[in-house]
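Here is the structure we will look at.
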Amino acid sequence: MRKWFWGFLFIAFGFVCSIAAERNPRTERISGSAGDVLEDDPVGRLKVYVYELPSKYNKKILQKDPRCLSHMFAAEIYMHRFLLSSPVRTLNPEEADWFYTPIYATCDLTPTGLPLPFKSPRMVRSAIQLISSSWPYWNRTEGADHFFVVPHDFGACFHYQEEKAIERGILPILQRATLVQTFGQRNHVCLNEGSITIPPYAPPQKMQARQIPLDTPRSIFVYFRGLFYDVNNDPEGGYYARGARAAVWENFKNNPLFDISTEHPTTYYEDMQRAIFCLCPLGWAPWSPRLVEAVVFGCIPVIIADDIVLPFADAIPWEEIGVFVAEEDVPKLDTILTSIPPEVILRKQRLLANPSMKRAMLFPQPALPGDAFHQILNGLARKLPHQKSIYLKPGEKILNWTAGPVGDLKPW
Amino acid sequence: MKLSALQQSYLGRRSNSFRSSGPLDSSSDGAFKSPAAVFWLVLHGLSCLISLLLGFRFSRLVFLLLSTSSTYTSPFHSPTELAKTLDIRSVIPADPVGNVPLPFPNKTATNSRVVVGRHGIRIRPWPHPNPVEVMKAHRIIERVQTEQRLQFGVKDPRKIIVVTPTYVRTFQSLHLTGVMHSLMLVPYDLVWIVVEAGGVSNETASLIAKSGLRTIHVGFSQRMPNSWDERHKLETKMRLRGLRIVREKILDGIVIFADDSNMHSMELFDEIQNVKWFGAVSVGILANSANIDETVVEKRGEEENPRMPVQGPACNVSNMLAGWHTFNTLPFAGKSAVYIDDRATVLPRKLEWSGFVLNSRLLWKDGDKPEWMKDIDTLDGDIKSPLDLVKDPSVVEPLGSCGRRVLLWWLRVEARADSKFPPR
């Protein structure tokens with residue numbers, strides 16, 4: 001009888017200790033809609049087979065322009081490198097759950113560094129023709145168990161201008177594949193159901209090198225650096241950012257609480273660490289690296305982009321971490337931000353201080369557990385097991401290989 | 413539509429831009445040589461010429477006057493300044509491209525309710541800060557900073573005991589208000605011991621009462637003498653009087669000497685929380701006057717940057733106390749102010765009291781304190797420098813990253829002794 005009593009006491013004590021340990025006053029656990037999945041380990045839950053494509057699809061392109069390694073679309077290159085040496089990689093395609101095609105479609109840069117998407121559809125088409133003829137796995141499912149990393153502005157629509165991107169739509173041959181992209185907007189042509197949204201690439205070493213002591217008091221209320229009017233491409237105003245950035249400028253340029261300007265200061269990262277709110281409005285596309293920077297530096301992101309789908313939205317509870325403001329409410333931004341109760345603000349800062357949150361937004365080299373690479377694999381693992389219906393019967397064809405603009409059908 | 417035809421001709425000329433946006437392209441009718449088109453072309457040419465002359469886009473004004481369905485603001489040097497003060501709604505673009513039918517049969521064409529195209533820039537009628545909201549924002553900032561201090565700042569902060577000698581004179585409210593405001597901003601518990609020469613006076617008492625801090629106001633029977641030497645001696649005695657109060661009341665905390673003419677930084681109060689028993693900080697000396705002798709100026713001109721002299725602890729390579737930086741009085745030999753009314757430079761002492769902090773337990777009668785601390789009852793005005801309080805000067809702890817950070821500044825500006833300017 002005594003033994004039971006002591007055993008029960010011991011268990012109760014352990015229970016109390018574990019509860020107390022969870023309530024770390026500095027950070028809070030992040031429980032997303034899919035549970036505490038940021039710390040899941042994908043190793044053992046899925047197997048990925050990496051196709052061996054000729055180097056004209058990947059290495060040669062990178063050699064031509066090494067700038068691709070540091071711009072915000074570099075995720076496609078680092079994902080390839082990560083998968084090559086990851087334990088989830090399998091050399092036996094028969095046991096693979098997912099197939100990865102390493103194409104660097106976003107590496108054709110202008111002299112100023114912006115990627116041109118005009119050749120990307122043909123490149124992807126040519127790569128898929130190669131896979132489907134050399135391996136039987138594409139034809140088996142017409143790509144439903146393949147995934148592609150397409151980090152460009154509007155994902156697999158392969159255009160930087162929204163109207164043209166919507167006109168083109170997602171490349172027809174990629175319709176059944178899973179797309180890993182940075183673009184995410186609800187009810188938009190360029191976001192397929194089942195796509196995985198990832199954060200844009202931001203250089204982790206640069207950000208870690210510019211950290212300031214944590215006891216520096218946060219004295220800036222709202223911080224933003226960037227364009228409000230894109231005079232080169234939108235001289236009349238009203239197109240860029242759907243007028244939202246211009247509205248921010250016009251309404252708050254005289255407000256001392258808002259530290260907003262178009263300057264490019266050398267202390268940008270340090271200033272973000274001294275701010276409470278960081279604005280992340282849309283630009284030509286709704287996503288931006290500002291979200292990653294705000295999360296890493298502990299500044300609450302204020303997201304001004306209607307219907308945006310944020311990275312890893314099923315694993316990270318963004319409503320609890322950031323503040324969402326509709327574009328039409330921008331004139332009332334100061335009222336909205338000052339009416340948030342301080343306890344809510346402190347809770348958001350605690351969630352942001354959680355190191356697993358910061359890790360999930362970054363692409364470090366070499367990969368660390370819990371980083372964005374692992375979150376992508378977690379996302380892919382959550383989609384397993386594949387439904388039986390994706391496997392086509394022999395002779396069945398769903399995709400139309402000749403759909404799309406005529407220019408896309410030319411060989412690359 | 414009038415709007416689209418003219419916009420088209422504008423867009424046709426902008427083909428050089430990288431992102432030539434043309435949502436109204438789709439509503440094209442092709443070129444047609446009807447009189448209407450010619451008329452509009454002529455009007456367009458005329459508007460261009462007028463704009464050249466006037467220097468702004470005259471056609472915008474025409475559009476504003478013609479289009480009654482909606483108004484929008486244009487942000488930069490536009491003649492429609494009036495439009496900015498109107499309450500604005502968003503423009504419905506002439507042909508929203510979001511409704512282009514999708515060519516894929518297996519997509520249910522649920523278009524985004526976010527429309528692609530041109531939107532209005534919303535400006536509220538009074539785009540200036542609201543004072544109530546500004547106050548709310550400042551409270552939020554305060555709350556966030558308190559939380560930061562709790563998490564990352566000093567753990568278990570000790571009370572700060574400030575000893576200030578003062579007396580009623582012209583510049584008293586100037587100096588004392590400065591110190592008072594610095595002390596009011598200190599985030600830790602504070603006790604302010606004000607020792608006043610010439611007895612407790614109403615002016616000083618009313619000044620201190622405004623601070624809302626816990627104060628102990630004591631009078632000292634002697635009046636402030638006229639020569640600087642005598643003044644320094646009296647101030648030392650006043651500070652000892654303050655230390656005696658700490659002993660009598662058995663106050664627990666960190667004792668700091670804040671002369672009323674000095675300037676303190678907020679980091680000073682954070683840094684002195686690190687002191688164990690007896691510490692020293694670096695004091696920047698702002699000894700300057702209008703009549704610097706020419707020889708002194710020449711000498712200074714030889715250096716690249718005449719640097720501010722600093723008094724404080726000096727450390728060796730292993731960050732241990734190795735000596736003291738003191739103020740060099742040689743350039744001023746014979747030229748320094750002797751009396752208050754002199755127009756020469758006022759010099760600080762070799763080592764100023766304000767650069768030293770001590771743990772109040774050193775002053776208690778009993779209790780465990782290190783044996784190198786002298787009993788303050790045994791000293792009385794014999795003290796030349798604060799280091800005379802300890803038997804062994806090497807026990808002093810250098811603060812502020814070993815004296816490299818200057819955390820307060822010494823300055824002595826006084827009006828003439830016979831000035832009649834009222835103290836408030």
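For the protein sequence lines, the chains are D and U, in the order given. Per this note's numbering, residue 1 is the first one in the first sequence, and the count goes up by one each step. Per this note's numbering, residue 413 is the first one in the second sequence, and the count goes up by one each step. All C-beta atoms in this analysis are idealised placements derived from N, C-alpha and C, irrespective of residue type, glycine included. As the structure is a prediction and not an experimental result, all values here were calculated from the model.
In this structure, what does DSSP give as the bridge partners for residue i?
i        : result
U:Gln723 : U:Val695
U:Ser639 : U:Tyr751
U:Leu801 : DSSP, once it has assigned bridges, lists no residue as partnering U:Leu801.
U:Leu619 : BP columns for U:Leu619 are empty, so no partner.
D:Ile336 : D:Ile336 is not bridged to any residue.
D:Thr178 : D:Phe147
U:Leu820 : U:His676, U:Val695
D:Phe324 : D:Ile303
U:Thr578 : U:Glu608
Does DSSP put residue i in a helix, a strand or coil?
i        : result
D:Thr197 : strand
D:Ala127 : helix
D:Leu415 : The question about residue 415 of chain D has no answer here: the residues shown for chain D are numbered 1 through 412.
D:Trp401 : coil
D:Ile300 : strand
D:Ser251 : The sequence shown places Asn at residue 251 of chain D, rather than the Ser named in the question. Note: D:Asn251 maps to helix in three-state DSSP.
D:Arg225 : strand
D:Gly237 : coil
U:Phe768 : strand
D:Gln185 : strand
D:Pro121 : helix
U:Pro810 : strand
D:Ile376 : helix
U:His550 : helix
D:Lys3   : helix
U:Asn703 : Per-residue confidence for U:Asn703 stands at a pLDDT of 47, beneath the threshold of 50, marking its modelled position as unreliable; no derived number is given.
D:Glu396 : coil
D:Phe99  : strand
Could you give the residue range of the alpha helix (DSSP H) that holds residue i?
i        : result
D:Val295 : 290-296
U:Ala609 : U:Ala609 -> not in any alpha helix (DSSP H); beta strand (DSSP E) instead, spanning 602-609.
U:Val454 : 447-466
D:Tyr269 : 268-272
U:Val825 : First-last for U:Val825: undefined, no H or E at that position.
Quick one: list the residues of chain A neighbouring residue i, beta-carbon separation under 7 Å, in chain order.
i        : result
U:Glu545 : Checking the listed chains, one finds no chain A in this structure; the protein chains it contains are D and U.
Examine chain D for any beta-carbon lying closer than 7 Å to the beta-carbon of residue i, and answer yes or no.
i        : result
U:Glu683 : no
U:Ile552 : yes
U:Glu809 : no
U:Arg643 : no
U:His540 : yes
U:Gly532 : yes
U:Arg536 : yes
U:Lys548 : yes
U:Val591 : no
Closer than 7 Å, CB to CB, is residue i near chain U or not?
i        : result
D:Ala144 : no
D:Leu109 : no
D:Tyr391 : no
D:Tyr104 : no
D:Tyr268 : no
D:Asp307 : yes
D:Ile300 : no
D:Tyr239 : yes
D:Gly243 : yes
D:Pro331 : yes
D:Glu263 : no
Which residue comes first and which comes last in the beta strand (DSSP E) that contains residue i?
i        : result
D:Ser261 : 258-261
D:Val149 : 146-149
D:Cys278 : 275-281
U:Ala734 : 733-737
D:Tyr49  : 48-50
U:Gly631 : 626-632
Positions along the stretch 556-578 of chain U whose CB lies within less than 8 Å of some CB in chain D: Val556, Gln557, Glu559, Gln560, Arg561, Gln563, Phe564, Gly565
Residues of the stretch 198-226 of chain D whose Cβ lies closer than 7 Å to any Cβ of chain U, in chain order: Listed by position along the chain: Leu214, Asp215, Pro217, Arg218, Ser219, Phe221.
Members of the stretch 155-176 of chain D near chain U, C-beta cut-off 9 Å: Answer set for the stretch 155-176 of chain D: Tyr160, Gln161, Glu162, Glu163, Ile166, Glu167, Gly169, Ile170, Pro172, Gln175.
Within 7 Å of chain D by C-beta, residues of the stretch 597-617 of chain U in sequence order: Residues of the stretch 597-617 of chain U with a C-beta less than 7 Å from any C-beta of chain D: none at all.
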